[in-house]
Amino acid sequence: MYSVLVVDDETMDLIGLQQHIDWDKLGMNVVAAINNSFSALEYMKNNKVDILVTDINMPIMSGLEMVRQILEQRPQLRVVFVSGYSEFHYAKQAISLSAAGYVLKPVNDDELFEVLEGVKAELDSETTRSEWHKSEAVSQLLSGNYARTELTPSAGLSIGIIEMDDMHWKLRAAGVEKQTTAFDKQLQQIAELLMEMNLPYFCKTDEKRMVVILEGAQPQEQLKLVMHAVSSKLTWSVTAGVGTLVYELHQIPESYQCAREAIANKMFYGKGKVIPFSDIKPQTGLKAKQLSEVLDSLFTALVQYQLVRVDECVEDLSALIKTFDDKHAVYVYLLHVISQLDFRLRTVNEDLYQILGLSFDKLDIVFQFETVEDIQWWLRSRLFQLSETLYQRKQKKNRKLIEEVEKYIMDHVEEELTLKDVANYFSFSPNYLGYMFKEEAGLNFSDYVIAKRMERASVLLQVPSTKVYEVANRLGYKKLSSFNRQFKDQFGLTPSDYRKQG
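Under the UniProt record's numbering, think of the first position of the sequence shown as 1, with each following residue one higher.
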């Protein structure tokens, strides 16, 4: 909520400003009501105030003078003047101070409410822009690019990753759309908490993770406070990983990588806690890193229908299983593998459990395996089935898309058609659509368009009254020679000879 300070030397007017406006509806909170400019000025110097509602005509120091002084220190402050003086010079001075509103006494509550609504809209827009710019700055810093920020590296910076726990399987029955809505809502609540805790440098990295830049030498303690706040407001628990402390902006990617390794160890350290990179045991950390690499490689092989590589990844997973000395740890590990694969598949709108006819709460088969070979056989057969299904679905999806593209070309064949324009229409990158088009249609996009234009030309040429150059112009050809050449390449005859033959 936005904090509001009301100032008026008239007691009844001060009470009226507090009580006659529905501040809650505006998303505002009156933090103080003060009857003189000096006290108000002192309050604003020491406390956060977003909006000042003040009388102009007050003894000793006017509201105008008070605002001039405070704006030198708080230029972002929004000011609404209230005055019984309707003379033009007061309004003129208020405007010169960039006042957000000017309301005459006796105050009309509806008029003041409307002015305050406008102030709130400005602040909301400004906050959104500020959050976006800071989020963009964080994204740039994580990727190793310099970003202009107000961060102070000399005090120490580290990356924290906040990850929501168990959301996928808890929301499995809700469907993808409702899941996405729930994820976004939870992340938005985390973002609001971070802002409230004066941790404004954060960004979303995927549907269940938030990355935050922590300032100071005690990032772990900061994240503990965040998690405590989260646990009191969210319906899901979260786990956090903390990277190393760095003192230069260009070192932030190193801290980010360490934080990613820390959060990857949730499998071994448990949920609902802060996991500092410095606490990771070398062997455990190695396992987590290796597992993440294998899963990334396996996911790529699955969606690209590379069964040989899938088999190799199963061998790698089995080798990692053999490093555990506890049977229960193996079961947890296997469930984690399944969960992580499902998470990766959801990034391409696929559901592992739906494809394989499984449900998370009925994976008791995992606990029936007695040997690594049993696990290996089960994984291999299931993953082959998964890759085969993904391949078939992809073929169907691609064919349907290309059919729609072909129809679009036919409907617009007499217009200027570029791969870029068509790709934009279907929300694809030109390179990707061009690749898919050639895979499905067997022709480059440009060659296909030319072929369809020539087919249309052959139809138009059947109308005796239509001149050859008119057909060429209609199909977008500026040079008749280009039209003649392409027509002959397709039909073996010039347009004129084709017409004569017909």
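No residue lacks a Cβ here, since even glycine has one placed at the ideal position from N, Cα and C.
- By the criterion of at least three beta-carbon pairs nearer than 8 Å, the segment 336 to 353 is in contact with the segment 296 to 310.
- Uninterrupted beta strand (DSSP E) stretches at least 3 residues long and entirely within the UniProt domain "Response regulatory" (3 to 120) occur at 28 to 34, 51 to 55, 78 to 83, 101 to 104, given in chain order.
- For the pair of segments examined, the segment 237 to 256 was found not to touch the segment 191 to 200: the number of CB pairs separated by less than 8 Å stays below three.
- Distance from the CA atom of E192 to the CA atom of L433, rounded to whole angstroms, is 39 Å.
- With fewer than 16 other CB atoms across the displayed protein chains lying within 10 angstroms of its CB, K479 is exposed.
- Remark: C-beta atoms of A262 and I275 approach each other more closely than 8 Å.
- Distances from the CA of P75 to each of H250, E388, V49 were compared; the closest alpha carbon is that of V49.
- For secondary structure counted as the alpha helix (DSSP H) over 4 or more consecutive residues, the segment 336 to 382 holds these complete runs in sequence order: 352 to 356.
- The Cβ-Cβ distance between M61 and F38 falls below 8 Å.
- The Cβ-Cβ distance between L225 and L157 does not fall below 8 Å.
- Of all alpha-carbon atoms in E163, G160, G216, the one lying nearest the alpha-carbon of L151 is that of G216.
- Between the alpha carbons of V422 and L379 lies a gap of roughly 41 Å.
- Closest by C-alpha distance to Y2, out of L123, A137, Q220, F369, is L123.
- Taking the CA atoms as reference points, S135 sits about 46 Å from P59.
- From the listed residues Y425, I159, S83, L14, the smallest Cα separation to C258 is found for I159.
- Counting C-beta atoms within 10 angstroms of its own C-beta, A155 has fewer than 16 neighbours from the protein chains shown and is therefore classed as exposed.
- Where K452 is concerned, there is no enclosing beta strand (DSSP E), although the alpha helix (DSSP H) around it starts and stops at 445 to 460.
- If you draw a straight line from the Cα of K271 to the Cα of E114, it is about 47 Å long.
- In this chain, the alpha helix (DSSP H) harbouring A262 covers 252 to 264.
- Contact check for L298 and V310: beta-carbon distance about 7 Å, within the 8 Å limit, so the pair qualifies.
- Secondary structure of G270 (DSSP, three-state): coil.
- Between L345 and R382, the gap from beta carbon to beta carbon reaches 8 Å or more.
- D497 is bridged by DSSP to nothing; it lacks a bridge partner.
- When Cβ pairs closer than 8 Å are counted between the two stretches, the segment 440 to 454 is seen not to touch the segment 464 to 473, the count staying below three.
- Pairing V211 with I280 gives a Cβ-Cβ distance that is not under 8 Å.
- Where D206 is concerned, the enclosing beta strand (DSSP E) starts and stops at 202 to 206.
- Contact check between the segment 474 to 488 and the segment 451 to 461: three or more CB pairs, one atom from each, fall below 8 Å, which counts as touching.
- F384 sits away from L317, with the two beta carbons spaced by 8 Å or more.
- Secondary structure at V246: strand, using DSSP grouped into helix, strand and coil.
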